[in-house]
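Residue 211 in UniProt numbering sits at position 211 of the sequence shown; the count goes up by one each step and never skips.
Every residue gets a Cβ at the ideal spot worked out from N, C-alpha and C, and that includes glycine.
This structure is a prediction, so every number in the text was calculated from the model and none was measured.
Read the structure below first, then the notes.
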Amino acid sequence: MPDNHARRTAAGGYTWQIVGRGPAGAAVAESGEGVLAAPDPHTGRVCANHIEVGTAVFDGVAADLVVEHRNAVLEARIDGRPDPAPPFDELTLIVRDGDGVERLSTTATLTYPAVTVADLDTYRAELATAEKHERRRRERRDRAVAAGTCAPPSSPLDPRVARLVRELRVEAATVREEVPDLDHCRAQLALAQHTLHAALAAAEQRRQSDNSDDIDYAYAFAQRWTPRVRRWAAILELITEAYLDADAVDALADRLSLRAPPAE
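Here's what the structure looks like:
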């Protein structure tokens, strides 16, 4: 059975490593391997050459670090703690082919956008919304438990109404299960926005340095990420609507399950 090195060499494979440097020194931020013309295990993208591999993994890792640091700053401010220091100030990427030959190497300064008062207000609003949904979920559960355990034995819920309530519960759960998690959508939108911003900045830098070899590719990369930002913004809006629809269905089930029995 051939080893990993033999498989990578035969299939046009590659390895990559990103080293970060910051206040605590240098450390490997992320690493991986893959095969050209096949989905990369880390990014999911199909890359035709080592430049595309490097661009994809570098932008993805950098965006993840920026988003994670932003969330850490927001959480610290909510808790009244000092802002944490960024983990890395600089990233170095090296991509090697299946034979271990270096095919791409680049170093870039990692920029962390400032977390503004507006960002903190938005984060507080998102936390409040999440807490409200969780509180409603607990209230629905408590009411359902109370209705199921404290109702007078002589006045059970009409079987047809009980069946409808069960069907409504299943419907609400199905709506929530068939769509992505809201936090996942928010994270993907932030990732797409940061990647687009970084791509546009890189394209402008190459334009100013008159790097004609890479400028077309850099602008093409930015153009490919522009619709992703629009898509994730639209998806987030649709998913929010879906969760609101599910809440409305649960609320109807609550009203039916807690409805007083008809008078004798």
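Please report how far the alpha carbon of residue i lies from the alpha carbon of residue j, in whole angstroms.
i, j, result
"P84", "P159", "57 Å"
"residue 313", "V170", "Shown here, the chain extends from 1 to 264; a query on residue 313 therefore has no answer."
"L182", "T129", "11 Å"
"D250", "T122", "27 Å"
"S155", "E167", "Here the model assigns S155 a pLDDT of 47, short of 50, so the residue's position is not dependable, and the following value carries that caveat. One C-alpha to the other measures close to 21 Å."
"P180", "P227", "19 Å"
"C150", "L258", "Annotation note: pLDDT 42 at C150 (below 50); position unreliable, coordinate value reported separately. About 11 Å."
"A218", "A203", "5 Å"
"V161", "L256", "7 Å"
"D89", "G98", "30 Å"
"P23", "I235", "38 Å"
"P152", "E178", "Note on P152: pLDDT 42, under 50, position unreliable in the model; the coordinate value appears next. Going from the Cα of P152 to the Cα of E178 covers about 37 Å."
"V117", "A37", "44 Å"
"V35", "G12", "6 Å"
"R131", "V115", "First, the amino acid is wrong: residue 131 is Glu here, not Arg. Near 22 Å, if we compare the C-alpha coordinates of V115 and E131."
"S209", "A201", "12 Å"
"D40", "Q17", "14 Å"
"T240", "R135", "17 Å"
"R96", "R81", "42 Å"
"R176", "D216", "42 Å"
"L238", "Q193", "18 Å"
"V101", "T55", "18 Å"
"A246", "A233", "20 Å"
"A172", "T111", "42 Å"
"L93", "E52", "13 Å"
"A62", "D254", "46 Å"
"residue 265", "G60", "Residue coverage of the chain in this structure runs from 1 to 264, which leaves residue 265 outside it and unanswerable."
"R224", "P86", "29 Å"
"V66", "L252", "42 Å"
"L244", "Q205", "44 Å"
"A26", "L104", "20 Å"
"E75", "L127", "10 Å"
"N49", "L164", "57 Å"
"L196", "A222", "6 Å"
"R231", "C185", "10 Å"
"V229", "D64", "16 Å"
Could you tell me which residues DSSP puts in a beta bridge with residue i?
i, result
"L256", "In the DSSP output, where bridge partners are listed per residue, L256 has none listed."
"W16", "G32, V95"
"A27", "G20"
"E90", "R21, T109"
"P39", "V46"
How is the beta strand (DSSP E) around residue i delimited, first residue to last?
i, result
"T107", "102-109"
What residue range is occupied by the uninterrupted alpha helix (DSSP H) comprising residue i?
i, result
"G54", "50-79"
"V161", "159-177"
"H194", "182-208"
Legend entry - Those runs of the alpha helix (DSSP H) which lie wholly inside the stretch 221-247 and span at least 4 residues: none
Inset, instruction - Report yes or no: do three or more beta-carbon pairs, one from the stretch 69-81 and one from the stretch 13-29, lie closer than 8 Å? - result: no
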